[in-house]
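Enquirer:
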Ligand SMILES: Cc1cc2nc3c(=O)[nH]c(=O)nc-3n(C[C@H](O)[C@H](O)[C@H](O)COP(=O)(O)OP(=O)(O)OC[C@H]3O[C@@H](n4cnc5c(N)ncnc54)[C@H](O)[C@@H]3O)c2cc1C
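Residue numbers (the UniProt record's numbering): 1 to 411.
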């Protein structure tokens with residue numbers, strides 16, 4: 001036997017790592033373990049519903065299970081259903097690729113008011129994550145704090161007309177919810193000047209196609225740096241677009257000082273080089289990064305790590321993807337990372353045939369496998385409503401039932 005590897009998290013970084021490991025050493029046992037009954041992490045529950053091209057990466061990941069021999073163990077929360085220590089005892093190598101799922105708090109007075117909503121919380125609800133909260137009320141004038149691609153995703157989704165969501169996988173409930181918000185105006189604010197905003201120019205250019213908006217860009221400035229100027233040019237090209245009544249305003253260099261409101265967020269008070277100002281709103285959406293969930297002791301592991309930068313936490317324990325490097329980088333960025341980490345793991349690997357491997361998961365209830373996921377996937381695409389490419393199964397119980405095939409048409 002050439003070794004047993006457990007990867008905690010079947011998101012992009014876990015999948016890319018499994019691919020790289022099995023390509024280099026095809027007889028390795030590689031088990032991807034996820035707290036959800038379904039694989040692919042943020043590709044399913046973070047990437048925007050109207051970016052189906054991006055989600056197409058799952059076809060590549062599917063080959064991992066269908067051709068390269070990786071195994072999927074879903075509905076297993078490491079740190080809850082099984083301890084990390086038990087997993088480390090059972091496998092030669094454990095890799096934490098569990099992502100970062102907690103919205104980084106705004107941390108200013110009033111930021112705990114109702115109506116202040118993190119982008120992670122909102123996207124999980126919008127995209128029907130089984131553990132998500134109910135969709136919150138945004139009101140007609142949401143204000144977005146953040147200048148990265150996640151902030152732009154939110155802006156685009158909220159700004160689109162129902163027709164522009166054709167072909168997406170936005171569910172029936174979230175679609176109705178979006179219509180109910182009757183959004184009139186979206187303001188998006190960033191702390192840095194436009195030149196240093198984190199979003200990609202391509203994300204900004206896409207906004208030029210919106211069919212029902214009137215866009216204003218205030219204070220975009222200019223830069224000597226060609227890459228920065230490219231972003232500014234993309235923004236300036238939006239200024240003055242008037243295809244419909246929904247107002248979208250970009251603001252830069254605004255540092256939030258406090259959220260104001262009696263019972264819920266009604267305004268945000270900012271400071272800027274030009275002075276202080278207060279922008280009224282009906283909700284505040286924060287897209288300012290993510291922190292680790294409490295189920296895995298990331299901070300302690302990283303602080304004691306042998307080489308955290310390289311993803312080496314301790315003998316036989318590694319970290320990959322967002323869990324390793326923080327909430328930065330796109331799906332393809334995780335690929336280069338995974339290839340480097342696979343090399344380090346295979347160099348260190350010292351297989352111990354006495355380890356029990358996946359048998360340690362055998363006693364856990366309702367563990368799903370890749371076949372179970374393909375049943376869920378088929379059920380979701382088969383029941384897609386007109387104008388949608390998929391109808392997501394939104395509850396864990398329903399997913400488990402379909403994965404086990406004990407729903408209606410079971411033999
Ligand atoms: C809202 C949003 C939109 C994005 N849109 C894009 C985009 O359009 N294009 C792009 O290239 N990038 C996009 N990104 C970035 C991209 O999603 C990340 O680069 C990528 O998902 C990181 O992969 P990961 O595997 O490290 O983490 P994740 O994708 O978060 O995967 C982590 C997995 O670990 C599982 N897990 C967590 N804890 C446990 C546990 N205790 N036990 C077992 N399993 C666990 C989770 O269920 C999840 O499946 C977006 C990110 C966000 C937040």
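We put the CB at the ideal spot given by N, CA and C, even for glycine.
What do you reckon, are the CB atoms on residue 319 and residue 96 nearer than 8 Å?
Expert: Your numbering for residue 319 matches position 319 in the chain shown. Your numbering for residue 96 matches position 96 in the chain shown. Yes, the Cβ-Cβ distance between residue 319 and residue 96 is below 8 Å.
Enquirer: Going by other Cβ atoms of all chains shown within 10 Å of its Cβ, with 16 needed for buried, is residue 418 buried or exposed?
Expert: For the chain, the structure presents residues 1 to 411; residue 418 sits outside this window and is missing.
Enquirer: Would you tell me roughly how many angstroms separate the C-alpha atoms of residue 142 and residue 281, rounded to the nearest one?
Expert: Here residue 142 corresponds to residue number 142 of the chain shown, with the count starting at 1. Here residue 281 corresponds to residue number 281 of the chain shown, with the count starting at 1. For the pair residue 142 and residue 281, the Cα-to-Cα distance works out to about 6 Å.
Enquirer: Taking 7 Å as the cut-off, is the C-beta of residue 401 nearer than that to any heavy atom in ligand 1?
Expert: As a position in the chain shown, residue 401 is number 401, starting the count at 1. No, since every heavy atom of ligand 1 falls outside the 7 Å radius drawn around the Cβ of residue 401.
Enquirer: If residue 412 sits next to residue 41, beta carbons under 8 Å apart, how far is it from one beta carbon to the other, in whole angstroms?
Expert: Missing from the structure shown is residue 412; the chain here goes from 1 to 411 and no further.
Enquirer: With a threshold of 7 Å, establish whether the CB of residue 296 neighbours any heavy atom of ligand 1.
Expert: Reading the chain shown from its first residue, position 296 is the one you call residue 296. Within the cutoff, so yes.
Enquirer: For residue 128, is the classification buried or exposed, using 16 other Cβ atoms within 10 angstroms of its Cβ as the cut-off for buried?
Expert: Numbered from its first residue, the chain shown carries residue 128 at position 128. Label assigned to residue 128: buried.
Enquirer: Shortest alpha-carbon distance to residue 278 belongs to which of 158, 309 and 265?
Expert: Here residue 278 is taken as the residue at index 278 of the chain shown, counted from 1. Ranking 158, 309 and 265 by Cα distance to residue 278 puts 265 first.
Enquirer: Run the proximity test for residue 8: is its beta-carbon closer than 7 Å to any non-hydrogen atom belonging to ligand 1?
Expert: Taking the chain shown and counting its residues from 1, the one referred to as residue 8 is at position 8. Look at residue 8: its beta carbon is less than 7 Å from one of the heavy atoms in ligand 1.
Enquirer: CB-CB under 6 Å to residue 35, same chain, minus the five flanking residues each way: which ones, in chain order?
Expert: Taking the chain shown and counting its residues from 1, one reaches residue 35 at position 35. Around residue 35: 77.
Enquirer: Quick one: what does DSSP say residue 232 is sitting in, helix, strand or coil?
Expert: Mapped onto the chain shown, residue 232 falls at position 232. Three-state result, residue 232: helix.
Enquirer: Check for me: the beta strand (DSSP E) holding residue 272 runs from which residue to which?
Expert: Your numbering for residue 272 matches position 272 in the chain shown. Looking at the DSSP string, the run of the beta strand (DSSP E) that includes residue 272 is 267-272.
Enquirer: Along the chain, where does the alpha helix (DSSP H) containing residue 150 start, and where does it finish?
Expert: By one-based count along the chain shown, residue 150 stands at place 150. Its alpha helix (DSSP H) spans residues 149-159.
Enquirer: Which of the three DSSP states, helix, strand or coil, is assigned to residue 310?
Expert: Taking the chain shown and counting its residues from 1, one reaches residue 310 at position 310. Helix.
Enquirer: Taking the Cβ atom as the reference point for each residue, do residue 94 and residue 317 lie within a distance shorter than 8 Å?
Expert: Looking up residue 94 in the chain shown gives position 94. Looking up residue 317 in the chain shown gives position 317. Yes.
Enquirer: Just how far apart, CA to CA, sit residue 107 and residue 324?
Expert: Indexing the chain shown from 1 puts residue 107 at position 107. Indexing the chain shown from 1 puts residue 324 at position 324. Roughly 24 Å between the two C-alpha positions.
Enquirer: Would you say residue 214 lies against chain C (beta-carbon separation less than 8 Å)?
Expert: In the structure shown, chain C cannot be found, because there is only a single protein chain.
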